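Residue numbers (the working numbering): 1 to 289. In this text, a Cβ means the ideal position worked out from N, Cα and C, and glycines have one as well. Just so you know, these numbers come straight off a predicted model, no measurement behind them. Here is the structure we will look at.
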């Protein structure tokens, strides 16, 4: 008996399909084919054409920067300096909202101003203003060279010429350096005499009698390595920088103890002596007239 075979009838598709079905099937039909790249290419071209218009629209609605703010400024920074630095930043801002390129230009200009150890961030706030976050150089002493007085930080880097501080702040003077100040900002002072004086100032600063020291004199340093403390009536030969003492030279702690004992006994570290005191000898301290 012959076996009957059945044929499945193919479902006829209509030539007309809903629009959503056409859109759904088009990417699948083009998948893996060159036609797929055509769609992406058209999308990229459309995006490129629209981007300038979008940027222009955003720029038109974004607020213009009205002020420049400096975050976490130290106490010694005055309003005149803030105004000066704000003007440096404003030069790089146009009439519209600041762009990323302008923010980078502000960053570079402030770093080159000579007032900062570093600039951490320059950003636009939600209100459109500019906020600068950076670390200012910290002035610790005044060095007098052939050009006059200049403030330096703890690493011997000069601040810009003309920097003034509150008269109530005590800043030790360093006189007669072997070299003049560096020509470029944020460069450390050449030679090791200024760095030796700053190292000595670090151990002198916490002492209750620091105000009695008018200056650290470097005139003998290049000759015999001695740092000189000047009071208003006495020359005190300190000797080598702390932790760099020569053989048989009195160590830093004992020198400090001797000066403190003089201060406790007489109210002055020089004991009202008008000549010269030499602290270098480890067995005794020398007084000369």
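- Rounded to the nearest angstrom, the gap between the Cα atoms of residue 246 and residue 149 is 31 Å.
- For the pair residue 156 and residue 195, the CB atoms are nearer than the 8 Å cut-off.
- Judged by DSSP in its simplified three-state form, residue 212 adopts helix.
- Within the DSSP secondary-structure output, residue 126 pairs in no beta bridge.
- Here residue 248 is exposed, its C-beta having fewer than 16 other C-beta atoms within 10 Å.
- One thing to note: residue 130 has its Cβ within 8 Å of the Cβ of residue 68.
- If the five residues before and after residue 72 are omitted, its C-beta is found closer than 8 Å to the C-beta atoms of 133, all from its own chain and listed in chain order.
- Here residue 233 is exposed. Its C-beta has fewer than 16 other C-beta atoms within 10 Å.
- With contacts defined by Cβ atoms closer than 8 Å, residue 176 and residue 117 do not form a contacting pair.
- DSSP places residue 276 inside the beta strand (DSSP E), whose first and last residues are 276–278.
- Here DSSP, grouped into helix, strand and coil, assigns residue 248 to coil.
- In the three-state reduction of the DSSP assignment, residue 71 falls in the strand class.
- With 16 or more neighbouring CB atoms inside 10 Å of its own CB, residue 197 falls in the buried class.
- Separation of residue 244 and residue 250 (C-alpha to C-alpha, rounded to the nearest whole angstrom) is 11 Å.
- Beta-bridge pairing by DSSP links residue 131 to 69, 123.
- Contact annotation: residue 212 and residue 269 have beta-carbon atoms nearer than 8 Å.
- Within the same chain, Cβ atoms closer than 8 Å to the Cβ of residue 113 are found at 85, 88, 160, 185, the five residues on either side in sequence being excluded.
- Secondary structure at residue 118: strand, using DSSP grouped into helix, strand and coil.
- Under the three-state reduction of DSSP output, residue 281 falls in the strand class.
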